[in-house]
Every structure is written in C-alpha cells, then in structure tokens.
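In the working numbering, the protein residues as written are 1 to 159. Where is the CB? At the ideal position from N, CA and C, for every residue including glycine. Read the structure below first, then the notes.
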Ligand SMILES: [Ca+2]
Ligand SMILES: [Ca+2]
Ligand SMILES: [Ca+2]
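This is the structure:
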C-alpha cells in the first residue's frame, strides 16, 4: 500500500528521471534529425534502388534541379527545389550548395560532380555504397546543423 511516508522518495525518483530525460533529449533529437535527413536524401537520390549510388544518380539528381535546362544549377534553382518541402532549411540549403559547387564558380555543373563524387567514395573504388553515402551526408549535415546552432545567418531568399 502506498503511504505518505514514501511520497518524498517517489517525488525524488520522478524528479531525477525527468532531469535525465531533459538532459538526454536534445542530443537524441539532434541525432534523429540528422538520421532522418540522411535517409531522405538516400531515398531521393538513389533512384534505381540497387543500393549503390552511381555517378549517374548524382548527375540526374543535379539535373533534376536544373529548371531552365541550361546545363548548370544556379543557387536560385537549387534553393527553389531544395526548399519546396521545408522552407526552414535555408542555412542547410546554402551549405549544401557550397559543398556541391566544388570549384566555387557559383553554379553546380558536371565539372563539380567528379569532385563531389570522389568525396563520397571513401574507399576510392569508384562506387558509392549506401554506407559510404550515409556516412558522407551524416557528417556533412552534422557540420551544417552545428553551424546553424552557432548562429550562421540564414541568407534568406535569393533574387
Ligand atoms: Ca539552370
Ligand atoms: Ca561549380
Ligand atoms: Ca566506394
């Protein structure tokens, strides 16, 4: 039977448990967010479901962003496509564009893709396996989210 003399013990246990929850949650939430985003990218980008991300998959992903079909993706085109589903990810979109524009000429085109692909291909066998893809985007997104947490300003809509 629950008597009043156990009440302080009970309250302490609940209080202690809730403290642990508060301490654990933001980190779990953060890691869950990164995992979800990585999995979404995998589903979006690995289009033929053979569990290997080939150079062609990267090419078609970039080209699906090339609204005016002129052979390169500008920041406006990239933002337009990337932010369609989640307009709050402006800083992440900005960081991803910087990463994909490997030669820093303000457009993403086929010249950039070799560099980006070899960054993903960790064991350099010219194939990007699911595991390599997820490790690459997991670290990239972690860095981008940390930059946001540190208050890198969202560039906002680009004209
Ligand atoms: Ca274009
Ligand atoms: Ca470029
Ligand atoms: Ca590989």
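- In this structure, the CA atom of residue 85 is about 16 Å from the CA atom of residue 96.
- Minimum Cα-Cα distance from residue 137 among the listed residues 150, 148 and 122 corresponds to 122.
- Per the C-alpha coordinates, the member of 150, 148, 128 and 144 positioned closest to residue 57 is 128.
- Environment of ligand 3, chain-ordered: 121, 123, 125, 127, 128, 129 and 132, taking every residue with Cβ within less than 6 Å of a heavy atom.
- Setting aside the 5 residues that flank it on each side, residue 93 is surrounded in the same chain by 78, 79, 82 and 83, each with a C-beta closer than 8 Å to its C-beta; the list follows chain order.
- Judged by DSSP in its simplified three-state form, residue 129 adopts strand.
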